[in-house]
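In mature numbering (1 follows the signal peptide of the UniProt record, and there is no 0), the protein residues as written are -24 to -1, 1 to 132.
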């Protein structure tokens, strides 16, 4: 069975700032590329992981088709120059992909930078990439699966 998964549309949220923080402008995040797990054969189930750098790997009885198909989601974060910020990713079992077969869940979201490690450049922007692990069911029905998730950023 060949499985092709459609890219996740990664929703973006605008963080609200309190005036007492003294920031000149709000921090914003814009999605520029969706997360894609590529094509694979489900077998008796397992997982497909995509790292923030786009490296794709399989676990369990999942066979990857065509190398290089993993794509990390990419966002552009903008705000005050040189400002630092935190990144909040979705929790485990929160994001579900739907398609022709049973729903699949994404866990273990990771990002680069991660946690409180974001820092905007002298131009006031930074690229943020996000990966995760797709949990694939036993004999998962072939087809395109899609879902969405949000990433929240806030100034430190």
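Here a beta-carbon is modelled for each residue, glycine too, at the ideal position from N, C-alpha and C. Here the structure is a predicted model, which is why all the values come from computation and not from measurement.
Measure from the alpha carbon of residue 106 to the alpha carbon of each residue in 25, 39 and 115, then state which is nearest.
-> Here residue 106 refers to the residue found at position 130 when the chain shown is read from its first residue. Nearest C-alpha to residue 106: 25.
What is the DSSP secondary structure of residue 125, counted as helix, strand or coil?
-> On the chain shown, residue 125 is found 149 positions in, with the first residue counted as 1. Of the three classes helix, strand and coil, the one that applies to residue 125 here is strand, per DSSP.
Rounded to a whole number of angstroms, what is the C-alpha to C-alpha distance between residue 73 and residue 122?
-> Translated into the one-based positions of the chain shown, residue 73 becomes position 97. Translated into the one-based positions of the chain shown, residue 122 becomes position 146. Roughly 5 Å separates the two Cα atoms.
Residues near residue 117 in its chain [Cβ-Cβ closer than 6 Å; skip 5 each side] = By 1-based counting over the chain shown, the position of residue 117 is 141. Within the same chain, residue 117 has close Cβ partners 76 and 77.
Look at residue 126 and residue 28 and say whether their C-beta atoms are less than 8 Å apart.
-> As a first step, residue 126 is located in the chain shown; it is residue number 150 there, counting from the start. As a first step, residue 28 is located in the chain shown; it is residue number 52 there, counting from the start. No; because the gap between Cβ atoms is not below 8 Å, this pair is not in contact.
Give the range of the beta strand (DSSP E) segment to which residue 105 is assigned.
-> Translated into positions along the chain shown, residue 105 becomes position 129. Start and end: 101 to 112.
Select from 35, 82, 21 and 15 the residue whose C-alpha is nearest the C-alpha of residue 148.
-> This structure gives no information on residue 148, because the portion of the chain shown stretches from -24 to 132.
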